[in-house]
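Visitor: Quick one: this structure, given as C-alpha cells, is what I'll be asking you about.
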Amino acid sequence: MRNAFADEITKLAAADKRVVLLSGDIGNNLFNKFKDIAPDRFYNCGVAEANMMSVAAGMALCGLRPIIYTITPFTTTRCFEQIRVGVCYHQAPVIIVGTGSGLSYAELGPTHHSCEDMAILRVLPHMTVIAPGDVPELRTGLRAALKHNGPVYMRIGKKGEPNMHASEPDFKIGKSFTIRPGTDVCLISTGVMLPVAVEAAKMLEQQGISARVESFPTVKPLDTDALKEIFQKNQVVASIEEHSRLGGLGGSIAEWLAAQDAPRARLVQFGTDDTFMHEIGVTNYARAKFGLTAENISRTVAARVTARRAA
Amino acid sequence: MSIEELRRLASEIRARIIENSHKTSTPHLGSCLSCTDILVAAYFHALRIDPTKPRDPDRDRFILSKGHGAAALFQVRAIKGFYPEKMLENYGEDGGIFAEHPPTPSHLAGIEAATGSLGHGMPMGLGMAMAARIQRQSYNVIALMSDGECNEGSIWEAAMLAASQKVERLVAIVDFNKWQATGRSEEVLALNPLADKWRAFGWDAHEVDGHDMKALVELLSRVPNGSGKPIAIVAHTVKGKGVSFMEDDNNWHYRIPTADEVVRAKQELGVAA
C-alpha cells in the first residue's frame, strides 16, 4: 500500500500544484519521484510531528492541500491536540496518512501498533476517517480525499496487500462496497482485514452459510443506508478491523445499532483486545492472538448462526 | 501614523481593554496590557493588510499565538476597521463571538488562526510562511507568543524547522512579561537566556523594550531583514503595563477591575473618562 500511496500522490501532485507532502522523517527513497517532480512541495519536517501537523494546518488555510505521512501512532496519538485545534477546529483540508496502521508493525512492539487511532480521530468534528481495504481503494480513496474540502484521516497498511477489487471502484466518501454477495451473514471489513474477511466468507460457504463481504473503507461517516439493508437481510453481521473493538468500526456500528428499531441481525465484533501486546511476533502472530484470522471469524460466526437457527 | 500617535492609540486601547474587562468580567488583563504596544506597532505600522479585504491572498498574516490576549486583539482589530466598533458592545454575551480567545477565521473576519491552547499559533504561522514561498507570494507572518507559551515543545519544534527551511518572512515575537499564570516564568521553567535560545536555534534574535514604540516599529519595518533567517523578537514587557497598580502584579492575570479602578486607570493613561 505504501508504494501505491507514493505513486498515487506523485500523480496527484503533478496534476495539482496545491498538493504538498510533509513527512516525519520516514519514506526517504519512497518519495524520490515526488521530489523529482515537485522539489518545492516535499518537506521532511523531522521527528517533530506536533509542529508538522500545525504547519500543515497553516498551509491548508493558505489554499494548499498538505498531506502528512508518517507511522500511524506518530501522526495520530502523538499530535492529537494539533489535529483537534489546528486541523479540525479550523476545518482545514489536511489529509493525514498513517502508514503501517493496526498491527502492520507488530514486531516493533506496542509503541508502533495503532489500535486506537480510528477511535480517537472519529470523535473529532469535521473529521473523515478512511481505511482502504486494498490498493484500488487506496488510490481512489486518496483522490476522493483530495476533492473533499475538509480534514481526512487515512490509515493504510504496509506492503504486499492483495487486491480485492478487480478494477478501480467508484469511491465515494461514506459509501461501502459489496465485495462478495451472500444472504445469511455479512462480514463488514475495514482496512487491511478485507482479504481475511473474504477468506472467512469462503470457509462459511463450505459450511452451507452464505456469506456476503462488505468493505467499509469509510468508517466516518458510516454508510448507514448500507447498514440498514445489511442488518435487515442477514442473521448475523460481523465487524472486522485491525483496531480495538472499542470505538472503531465495530464500536461505530454498535452506536448506530443501538438506535435502530429491532434489526434482524445480531452484531459480532472482531478486533483487538483492550490491551497492549507485550509478546514479540509478526503481524499474522498478532492477528491470531486477537482472533483476527479467517478460521476464528468463520468458526465464531458459524456458531452464532447455528445458535440463532436453534433458538 | 507618527510614533506619538501610535503611543496615544495604545493608551486609548489600554483604557478600552480595562473598561471591557470591568463590564464583561473578561480576565487576562495583565497579559493584554503587556502586549498592547506590540499589537499597535504591528497593526498600525508593519502589517500590509486591508481590513476591507480580509481574505486577500497576499496580505500579511498576524497570529495571536498567545490567544488569551484576545481582549486586546479584538479592540485593535475593531479600530483598524475589520468590523464596526459597535460590534464589541455584545462582548461576552451568550451566542456572541467575542470572548476570551480568538475564534476561527470563518467566524470573525481577519483572524488568521483560532488560538487559546498555547503552542499552536506560531507553528501554524510557520506553515503560512512556508505556503507563501510555495505559492510565490511575498507576505510576512508575525506570531505573537507569551513567555509561558515558550514552555510548549511545539514552539521549539517549529523553531528548528523554520531555521532549517530559512523561513525569513516569519517573525516570532515573545511578549516577555516575566510571568505566567501561576508564577515567575523563569522559576516555572527556566527560559533564560531567552534571546540566546532563539539564536542557538538558528534565528536572527533581537531584544527590545516591548513598550518602546519607536524600537518596535523599526524592528518590524525590516522583514525580511537580510539575515536569511527567521526573526525572533524578545520583547521585554511589563505585565499590566500602563496602570501603576496593575504593573508587574500577577493577580491581574485573573482579577477584574472595579468601577473605581477603571476611573483611576483611565486617569493614569491620560484617557478621558
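Respectively, the protein sequence lines represent chains D and A.
Sequence positions in the first sequence follow our numbering and run 61 to 371.
Sequence positions in the second sequence follow our numbering and run 4 to 276.
Cβ atoms here follow ideal geometry from the backbone N, Cα and C, with glycine treated the same way.
Please read all numbers here as calculations on a predicted model, not as lab measurements.
1. Since D/Leu282 and D/Gly193 are thought to touch, with beta carbons under 8 Å apart, how far apart are those beta carbons, to the nearest angstrom?
2. Between the C-alpha atoms of D/Arg326 and D/Ser227, what's the straight-line distance to the nearest angstrom?
3. Bridge partners for D/Asn104 per DSSP, in chain order?
4. Along chain A, in chain order, which residues have C-beta atoms closer than 8 Å to that of D/Met187?
5. Quick check: what's the CA-CA separation for D/Gly87 versus D/Lys207?
6. Going by other Cβ atoms of all chains shown within 10 Å of its Cβ, with 16 needed for buried, is A/Asp40 buried or exposed?
7. Among A/Asp178, A/Ala218, A/Val211 and A/Ala166, whose alpha-carbon lies nearest the alpha-carbon of A/Arg202?
8. Could you tell me whether any Cβ in chain A is nearer than 7 Å to the Cβ of D/Asp100?
9. Does any CB atom of chain A fall closer than 7 Å to the CB of D/Asn63?
10. Kindly list, in the order they appear in chain D, the residues whose Cβ is closer than 7 Å to that of A/Glu160.
11. Output the distance between the C-alpha atoms of A/Gly119 and D/Val145, rounded to the nearest integer angstrom.
12. Give me whichever residues DSSP pairs with D/Gly162 in a beta bridge.
13. Identify each residue in the segment 169–194 of chain D for which the Cβ-Cβ distance to at least one residue of chain A is less than 7 Å, and report them in chain order.
14. Who are the neighbours of A/Met148 on chain D, taking C-beta pairs under 9 Å?
15. Is it true that the CB of D/Leu90 sits closer than 7 Å to the CB of D/Val79?
16. In angstroms, rounded to a whole number, what distance separates the CA positions of A/Val246 and A/Asn253?
17. For chain D, check one thing: does any of its Cβ atoms lie closer than 7 Å to the Cβ of A/Ile52?
18. Mapping DSSP to helix, strand and coil, what is A/Gln270?
19. Excluding the five sequence neighbours on either side, which residues of its own chain have a C-beta within less than 7 Å of the C-beta of D/Gly270, listed in chain order?
20. Any idea what DSSP makes of A/Thr118, helix, strand or coil?
21. For D/Ser227, which three-state DSSP category applies?
22. Nearest by alpha-carbon distance to D/Val115: which of D/Pro133, D/Ala152 and D/Asn92 is it?
23. Scan the segment 58–85 of chain A and note each continuous beta strand (DSSP E) run of 3 residues or more that stays entirely inside, going in chain order.
24. Tell me which residues of the segment 134–164 of chain D have at least one Cβ-Cβ distance to chain A shorter than 8 Å, keeping chain order.
25. Whole angstroms are fine: how far does the CA of D/Ser358 sit from the CA of A/Glu160?
26. Hey, out of A/Ser157, A/Gly33 and A/Pro126, whose CA is closest to A/Ala146's CA?
27. DSSP state of D/Gln267, grouped into three classes?
28. Kindly indicate which three-state DSSP category A/Gly156 falls into: helix, strand or coil?
29. Could you give the residue range of the beta strand (DSSP E) that holds A/Asp212?
30. Just to confirm my understanding: we take D/Asp230, look at its own chain, exclude 5 residues before and 5 after, and list those with CB closer than 8 Å. What are they?
31. Can you pull the chain A neighbours of D/Cys105, defined as C-beta to C-beta under 7 Å?
32. Compute the Euclidean distance between the alpha carbons of D/Val183 and D/Leu309, then round it to the nearest angstrom.
33. What does the alpha-carbon distance come out to for the pair D/Ile248 and D/Thr335?
34. Beta carbon of A/Ser149, beta carbon of A/Asp178: below 7 Å?
35. Just the Cα atoms here: how many angstroms apart are A/Gly130 and D/Ser164?
36. Against chain D, which members of the segment 102–134 of chain A pass a CB distance test of less than 9 Å?
Guide: Taking the definition as stated:
1. With 8 Å as the limit, D/Leu282 and D/Gly193 do not qualify as a contact, their Cβ atoms being about 15 Å apart.
2. 32 Å
3. D/Ser83
4. The premise fails here: D/Met187 is roughly 15 Å from chain A at the closest Cβ pair, so nothing lies under 8 Å.
5. 25 Å
6. buried
7. Comparing Cα positions, the closest option is A/Ala166.
8. yes
9. No - not a single Cβ of chain A is within 7 Å of the one on D/Asn63.
10. Neighbours of A/Glu160 on chain D, chain order: Ala108, Ala110 and Asn111.
11. Straight across, the Cα-Cα distance linking A/Gly119 with D/Val145 is about 9 Å.
12. D/Ser174
13. none
14. Result: empty, since nearest Cβ-Cβ is about 13 Å, beyond 9 Å.
15. no
16. 13 Å
17. no
18. helix
19. Per the sequence shown, residue 270 of chain D should be read as Ser rather than Gly. Taken in chain order, the residues that qualify are Gly242, Thr243 and Asp244.
20. coil
21. In the structure shown, D/Ser227 sits in coil (DSSP, three-state: anything other than H, G, I, E or B).
22. D/Ala152
23. Segments of the beta strand (DSSP E) lying fully in the segment 58–85 of chain A: 64–67.
24. Glu141, Gln142, Val145, Gly146, Tyr149, His150 and Gln151
25. 48 Å
26. For A/Ala146, the nearest C-alpha among the options comes from A/Pro126.
27. Here D/Gln267 sits in coil by DSSP.
28. helix
29. Asp207 to Asp212
30. Thr200
31. Ordered by position in chain A, the residues that pass the 7 Å Cβ test against D/Cys105 are Leu164.
32. 12 Å
33. 23 Å
34. yes
35. So the alpha carbons of these two residues sit roughly 31 Å apart.
36. Within the segment 102–134 of chain A, the residues whose Cβ lies closer than 9 Å to some Cβ of chain D are Thr107, Pro108, Ser109, Glu115, Ala116, Ala117, Thr118, Gly119, Ser120, Gly122, His123, Gly124, Met125, Pro126, Met127, Gly128, Leu129, Gly130, Met131, Ala132, Met133 and Ala134, listed in chain order.
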